[in-house]
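Residue numbers (the working numbering), protein chains in the order written: chain R, 3 to 139; chain F, 3 to 139.
By construction, the Cβ of each residue, glycine as well, lies at the ideal position given by its N, Cα and C atoms.
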DNA sequence: TATTACCCTATCGGAATAGTAGGTTAATAG
DNA sequence: CTATTAACCTACTATTCCGATAGGGTAATA
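Structure (structure tokens):
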């Protein structure tokens, strides 16, 4: 399951990317439009700024704006920042690998082999979709 | 992320399916072999029995045995029983649909459209793999 | 009749999620 | 220069869920 944090983060990025002008967008505006708790959204956008997706401007007329070209941001990178691993089991995660403490042998583990397939198909979808792609929809 | 419950359940089913004879397998044996908490595993197997995957025999020489042909059990059905929805967001779940309370319109929601693609690719993988398939590996 | 092994209910600690609260800092407008 | 604006930061909290544990009850076998 996708956490609300990730969901809200993607929706916020989409909202910003859909702006006709490049002027900063206020968190309050996004929060109201997307029905997200204002304070919760703030913490998410701070994280996205620190990750290099967004720039921020303080004071009146301030807000958040995109730094990178939406067409250059695959959804995998956004989700990895907000959600963490994309794989359904740590032992098949490419970026957050962790060995199962119960598993003797990954090669003969039925779950492991199956989840590799799921991971690959998911990565394919999320890798082929950029922020620009999902903004169009 | 896959819960340990689902992971253990799949491993247990695989363990039973890999038995050379059709004699019942004890929970204690599975728990020890797969490094699963015995009591926790019991509760999982009860659920799989109630769902119609397993039969149980009490008393000495008792245990659990497969009722259906492993080749006739797609992984989707097992995961849906143990984990619940396969989709990453309730609003794109086929079997456990729930409307988002924050979303105005699913059609224009970027997350919604993206997660439909993820769901479909995941369903394809899990639907094409049966218990027999992952047992072979 | 004793043993075995599934079955049932209840409980529980810990971690994570989804916020909430309250103040601080920096930029802009007047 | 000052007031306002809006991002920024820290800390706290309520709730939920997960994974597991405890302790016995029930049915089948030897």
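Check your understanding: Does any CB atom of chain R fall closer than 7 angstroms to the CB of residue 112(F)?
Key -> yes
Check your understanding: Out of 85(R), 81(R) and 14(R), which has the shortest C-alpha to C-alpha gap to residue 67(R)?
Key -> 14(R)
Check your understanding: Using a C-beta cutoff of 7 angstroms, does residue 124(R) count as contacting chain F?
Key -> yes
Practice item. Please report the residue range of the beta strand (DSSP E) in which residue 11(R) lies. Key: Where residue 11(R) is concerned, there is no enclosing beta strand (DSSP E), although the alpha helix (DSSP H) it sits in stretches over 6-19.
Review point. Excluding the five sequence neighbours on either side, which residues of its own chain have a C-beta within less than 7 angstroms of the C-beta of residue 8(F), listed in chain order?
Key: Within the same chain, residue 8(F) has close Cβ partners 81, 84 and 85.
**Study point:** One or two residues paired with residue 132(R) in a DSSP bridge
**Key:** 76(R)
Point to revise | Three-state secondary structure assigned by DSSP to residue 59(R) | key: strand
Exercise for review: Just the chain R side, please: which residues come within less than 9 angstroms of residue 136(F) by C-beta, in chain order?
Suggested key: Per Cβ cutoff of 9 angstroms: 112, 113, 115 and 116.
Review point. Closer than 7 angstroms, CB to CB, is residue 96(R) near chain F or not?
Key: no
Check your understanding: Below 7 angstroms between beta carbons: does that hold for residue 77(R) and residue 117(R)?
Key -> no
Review point. Any idea if residue 29(F) is buried or exposed, counting beta-carbon neighbours within 10 angstroms, 16 or more meaning buried?
Key: buried
Review point. In chain F, which residues lie with their C-beta within 8 angstroms of the C-beta of residue 2(R)?
Key: The question about residue 2(R) has no answer, for chain R in this structure spans 3 to 139.
**Study point:** Identity of the residue in 112(F), 16(F) and 98(F) nearest residue 71(F) by Cα
**Key:** 16(F)
Review point. Ordered along the chain, which non-local residues of its own chain (more than five positions away) have a Cβ less than 6 angstroms from that of residue 121(F)?
Key: 89 and 94
**Study point:** DSSP three-state assignment for residue 68(F), whether helix, strand or coil
**Key:** Assigned with DSSP and collapsed to three states, residue 68(F) falls in strand.
Exercise for review: Measure from the C-beta of residue 107(F) to each C-beta in chain R and report whether the shortest distance is under 7 angstroms.
Suggested key: no
Check your understanding: Would a C-beta distance cut-off of 7 angstroms place residue 69(F) and residue 61(F) closer than the cut-off?
Key -> no
Exercise for review: Give me the Cβ distance between residue 127(R) and residue 112(F), rounded to the nearest whole Å; I'm assuming they're in contact under 8 angstroms.
Suggested key: At roughly 14 angstroms, the Cβ-Cβ gap does not stay under 8 angstroms, so residue 127(R) and residue 112(F) are not in contact.
Point to revise | Bounding residues of the alpha helix (DSSP H) (the contiguous stretch that carries residue 35(R)) | key: 29-36
Review point. Short check: CB of residue 10(F) to CB of residue 43(F), under 7 angstroms?
Key: yes
Check your understanding: Beta-carbon of residue 132(R) versus every beta-carbon of chain F: anything under 7 angstroms?
Key -> no
Review point. How would you call residue 50(R), buried or exposed, if buried means at least 16 neighbouring beta carbons within 10 angstroms?
Key: Around the Cβ of residue 50(R), a 10 Å sphere holds 16 or more other Cβ atoms; the residue is buried.
Review point. Mind listing which residues of the region 4-29 of chain R have their C-beta closer than 7 angstroms to chain F's C-betas, in chain order?
Key: 4, 9, 12, 13 and 16
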